[in-house]
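Just so we're aligned: the sequence shown equals residues 60 to 282 in the working numbering. Below: one structure, written as structure tokens.
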Amino acid sequence: MSAEPSTRPALPRGKLLLAALVLLIAALVAFPFLARESSAGGGGASPVALAERSPEELGELADFALTERSGRSVAKSDLAGTVWVAGFVFTRCTGPCPKVTGHMRKLQDGLVGTRAKLVTFSVDPDYDTPEVLRGYADGVGADPERWWMLTGPKEAIDGLIPSFVPKTQRAAPGAAPIGEHVAHQTRLWVIDGKGRIRGLYSGESDEHLELLLARVKYLESER
60 MSAEPSTRPA
70 LPRGKLLLAA
80 LVLLIAALVA
90 FPFLARESSA
100 GGGGASPVAL
110 AERSPEELGE
120 LADFALTERS
130 GRSVAKSDLA
140 GTVWVAGFVF
150 TRCTGPCPKV
160 TGHMRKLQDG
170 LVGTRAKLVT
180 FSVDPDYDTP
190 EVLRGYADGV
200 GADPERWWML
210 TGPKEAIDGL
220 IPSFVPKTQR
230 AAPGAAPIGE
240 HVAHQTRLWV
250 IDGKGRIRGL
260 YSGESDEHLE
270 LLLARVKYLE
280 SER
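Okay, here's the thing in structure tokens:
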């Protein structure tokens, strides 16, 4: 016995095409928003989306005056007119800091021939004195002319950090093992010669490293 034929009327071809077109447009409109939302938190933030934001959206750095490992004072004004990359680590870190510092070393190699600088800020300044940072810098092969490592009073570091990231969290003495007692972001920031953040990348991703290099070189060409 044959099946009873359907009595449901078929949609006209024109309406089917219109419905498909509406769905396609909706998907194209929603995709950039969803992609950005899904990557908004943590070190996996979309480097392309964040790099394309305007300086006003990513913010401008607060003024700072800190001490470089050489013992000399360094202020934000010393970097005026220079494209630079900023990162946060501490020398006793047993977590991701070595990888972040390793990426900074790769950036140092990749930016040979440019005027760009690298700046590492210590988030454990009570321990990371200029002398300690000097030993750390020597151990990773940091060029003292192109890669600065800064420390200073904890209040000065904490006053600068909100320009980049949410407040760094330090455990009370004895509450966490040494090397795990400071929780901080592992991102790397690109700052232009006017002190504006122009890119935000994961400090642990090889893919982001290549994009960061390209971003710095592009901003160098803007000058």
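All C-beta atoms in this analysis are idealised placements derived from N, C-alpha and C, irrespective of residue type, glycine included. If you're wondering where the values come from, they're calculated on a predicted model, not measured in any experiment.
When rounded, the separation of the alpha-carbon atoms in leucine 192 and valine 182 is 12 Å. At the C-beta level, valine 159 and glycine 262 come within 7 Å of one another. Taking 7 Å as the cut-off, the Cβ atoms of leucine 219 and phenylalanine 147 do not count as close. Counting every other CB atom within 10 Å of its CB across the protein chains shown gives threonine 153 a total below 16, marking it as exposed. DSSP links phenylalanine 180 through a beta bridge to Phe147 and Leu209. Excluding sequence positions up to five before and after glycine 169, its CB lies within less than 6 Å of the CB of Leu272, all in the same chain and listed in chain order. Beta-bridge pairing by DSSP links isoleucine 256 to Ile250. Excluding residues up to 5 positions away in sequence, Val133, Leu209, Thr210, Gly211 and Ala215 lie with their Cβ nearer than 7 Å to the Cβ of leucine 125 in the same chain. A Cβ-Cβ separation of about 6 Å places valine 142 in contact with glycine 252 under the 8 Å criterion. Of the residues Phe180, Leu120 and Gly258, the one whose Cα lies closest to the Cα of glutamate 127 is Phe180.
Residue burial annotation: arginine 246 is buried, with at least 16 other C-beta atoms found within 10 angstroms of its C-beta.
Given a length threshold of 3 residues, each whole run of the beta strand (DSSP E) inside the segment 154–202 is given here in chain order: 176–181.
The beta-bridge partner set that DSSP reports for serine 261 consists of Arg246. Straight-line spacing of the CA atoms in aspartate 202 and glutamate 279 works out to 20 Å.
Looking at the backbone, the Cα of phenylalanine 149 and that of cysteine 156 are separated by about 7 Å. In the displayed model, glutamate 204 falls within coil according to three-state DSSP, outside both helix and strand. In the DSSP annotation of this structure, valine 142 is not part of any beta strand (DSSP E), being labelled neither H nor E.
Here leucine 120 really is in contact with glycine 254; their C-beta atoms are around 5 Å apart, less than 8 Å.
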